[in-house]
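Chains as they are written, first to last, in our numbering: chain A, 1 to 276; chain B, 277 to 351. Beta carbons are placed, not taken as given, at the ideal position from N, Cα and C, and that holds for glycine. What follows is one structure encoded as structure tokens, with my remarks underneath.
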Amino acid sequence: MNAIDKAHADSATAPLTLYGATVSSRLLLGTAQYPSPQVLADAVRASRAEIVTVSVRRESAGGKAGQRFWELIRELGVLVLPNTAGCRTPKEAITTAQMARELFGTDWVKLEVIANDDTLQPDLFGLVEAARVLTEDGFKVFPYTTEDLGAAERLMSAGCEVLMPWGAPIGTGRGLNNKYALRTLRNYFPGVPLIIDAGIGAPSHACEAMEMGYDAVLLNTAVAKAGDPIRMAKAFAAAIDSGRTAFEAGLMEMRDMAEPSTPVAGTPFFDFGGKA
Amino acid sequence: MEQQFEAGSRLRIVVNGEPTLTEARTLAQLIIEAGFADARVATAVNGDFVPERARSERQLAEGDRVEIVSPRQGG
């Protein structure tokens, strides 16, 4: 093994398993809002994401938009995670998930039940209800939730094996709004895959989530709306690798007081109080 | 024309939010009539999912609300 191969091997982070599927990338990328299908495809490749989110929308008569998009995704060779974006009731979300399962041929669903148009905050009550019905129907549910610990427990009881708390409201790019609660959630569910979904604006936000021990990050707008989405995809991939590697390496404890890093012993000019 | 439609040859339904007059009597017929025969679509009627294999048995009725969706970009 040469030095470069060794460096790659040394930097590789642990694989991530979600509902039995194992991936090496800890970035899940959204496919919406890119300037063109080509930029989308190039950004997905640059991000090294192995899972991308998709949706279902009304097709126009004779329309081929859906078919074209589906072919683009298939060419990328990635796993798809269909969402229920825009659904406001459990019923809408359940039907949307069922339509997505037939269209995309996957039982994975990123479950969104939206409570409020301004915040796009999850309706936690509706989310739990829909998660239960979908799990019983054979779905593997990735719930878009908040950092609320009680809701997380209800979702787990409903059959969810993965949780996706928001960092901040969708599309805001504000990063991790409630680090204290996110840290609590991480500590409370040490063995559950936790993915930060939504609100990530900068690679540093994603890196921080990974340093905290989150298993992965799901983002869309921060890449799609970047000046150069392809370069930003690379930046996020690097940040997420870096944060995960740091977590696995074990971060130092934070301290209140300063402590010299250079050895004190043998410091020149140090006066022991002796007299010449 | 209105009178003729009410005579029973066509149903008034809503397809993807648009009021529509159709001669189709089943969801499968509607898919063809509305130009989705070759499209990759999934369907729901009145909020309930209708699998592809069940479309030919799904009878349409006056006032039905049909959703016809296809894969799209998503976050």
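Span of the beta strand (DSSP E) around residue i
| i | result |
| --- | --- |
| B:F325 | 324 to 326 |
| A:L163 | Looking at the DSSP string, A:L163 is not in any beta strand (DSSP E), and its letter there is neither H nor E. |
| A:A206 | Here A:A206 belongs to no beta strand (DSSP E); instead the alpha helix (DSSP H) covers 203 to 211. |
| A:T89 | That residue, A:T89, is in no beta strand (DSSP E); it is neither H nor E in DSSP. |
| A:Y180 | Counting along the chain, A:Y180 falls outside any beta strand (DSSP E), though it belongs to the alpha helix (DSSP H) covering 179 to 188. |
| A:G30 | 27 to 30 |
| A:R58 | 51 to 58 |
| B:E294 | 294 to 298 |
| A:K140 | 140 to 145 |
| B:V342 | 341 to 349 |
Proximity test, Cβ basis, 8 Å: residue i and chain B
| i | result |
| --- | --- |
| A:K225 | no |
| A:G266 | no |
| A:Q38 | no |
| A:G66 | yes |
| A:M283 | This structure does not reach residue 283 of chain A, given that chain A is present from 1 up to 276, and the question cannot be answered. |
| A:R57 | yes |
| A:P22 | Note that residue 22 of chain A is Thr in the sequence shown, not Pro. No, no contact with chain B. |
| A:K91 | yes |
| A:V54 | yes |
| A:N83 | yes |
| A:G159 | no |
| A:Q69 | Here residue 69 of chain A turns out to be Phe, not Gln, going by the sequence shown. For A:F69, the answer is yes, since a Cβ of chain B falls inside 8 Å of its Cβ. |
| A:E102 | yes |
| A:N220 | yes |
| A:G62 | yes |
| A:A32 | yes |
| A:T262 | no |
Beta-carbon spacing of residue i, residue j below 8 Å
| i | j | result |
| --- | --- | --- |
| B:E294 | B:A320 | no |
| A:A233 | A:A43 | yes |
| B:I289 | B:L336 | yes |
| A:V23 | A:E50 | yes |
| B:A310 | B:V291 | yes |
| A:A249 | A:C207 | no |
| A:T84 | A:V54 | no |
| A:M164 | A:I195 | yes |
| B:R334 | B:L303 | yes |
| A:L124 | A:A97 | no |
| A:I229 | A:Y34 | First, the residue type needs correcting, since residue 229 of chain A is Pro and not Ile in the sequence shown. Yes, these two residues count as a Cβ contact at 8 Å. |
| A:Q121 | B:A315 | no |
| A:V113 | A:C87 | yes |
| A:G30 | A:A202 | no |
| A:G167 | A:G159 | no |
Sequence-distant residues of its chain with Cβ nearer than 8 Å to residue i (five each side left out)
| i | result |
| --- | --- |
| A:D107 | R101, G138, F139, K140 |
Same chain, Cβ closer than 7 Å to residue i, neighbours up to 5 away in sequence not counted
| i | result |
| --- | --- |
| A:M212 | L182, R183, R186 |
| B:F312 | I344 |
| B:N322 | D340, R341 |
| A:R244 | T13, R26, M210 |
| A:L251 | E211 |
| A:T172 | G199 |
| B:A300 | L306, E309, L336 |
Within-8 Å CB hit, residue i to chain A
| i | result |
| --- | --- |
| B:V342 | no |
| B:A318 | yes |
| B:V290 | no |
| B:G323 | yes |
| B:E333 | no |
| B:Q349 | yes |
| B:P295 | no |
| B:E299 | no |
| B:G339 | no |
| B:S285 | no |
| B:A315 | yes |
Nonlocal neighbours in the same chain, by C-beta distance under 6 Å from residue i, ignoring five residues either side
| i | result |
| --- | --- |
| A:R58 | none |
| B:A283 | Low local confidence applies: a pLDDT of 47 at B:A283 is under 50, so the model's placement there is unreliable, with the coordinate-based value given in what follows. Within the same chain, B:A283 has no close Cβ partners at all. |
| A:R48 | S25, A237 |
| A:A21 | none |
Boundaries (first-last residue) of the alpha helix (DSSP H) holding residue i
| i | result |
| --- | --- |
| A:S242 | 229 to 249 |
| A:A130 | 124 to 136 |
| A:A224 | 221 to 224 |
| A:G283 | Chain A is shown only over 1 to 276; residue 283 of chain A falls outside these bounds and no answer can be derived. |
| A:T106 | Here A:T106 belongs to no alpha helix (DSSP H), and DSSP marks it neither H nor E. |
| B:Q305 | 303 to 309 |
| A:A43 | 37 to 47 |
Contact with chain C by residue i, beta-carbon distance below 8 Å
| i | result |
| --- | --- |
| B:A304 | This model lacks chain C altogether; the protein chains it does include are A and B. |
Inter-stretch contact at 8 Å, needing at least 3 Cβ pairs: the segment 215 to 225 of chain A / the segment 174 to 183 of chain A:
Contact between the segment 215 to 225 of chain A and the segment 174 to 183 of chain A is absent, because fewer than three Cβ pairs lie under 8 Å.
Please confirm if the segment 68 to 76 of chain A is in contact with the segment 244 to 262 of chain A, defined as three or more CB-CB distances below 8 Å between the two stretches.
No contact exists between the segment 68 to 76 of chain A and the segment 244 to 262 of chain A.
Between the segment 38 to 52 of chain A and the segment 124 to 138 of chain A, do at least 3 Cβ pairs fall closer than 8 Å?
Fewer than three pairs of CB atoms, one per stretch, sit closer than 8 Å, so the segment 38 to 52 of chain A makes no contact with the segment 124 to 138 of chain A.
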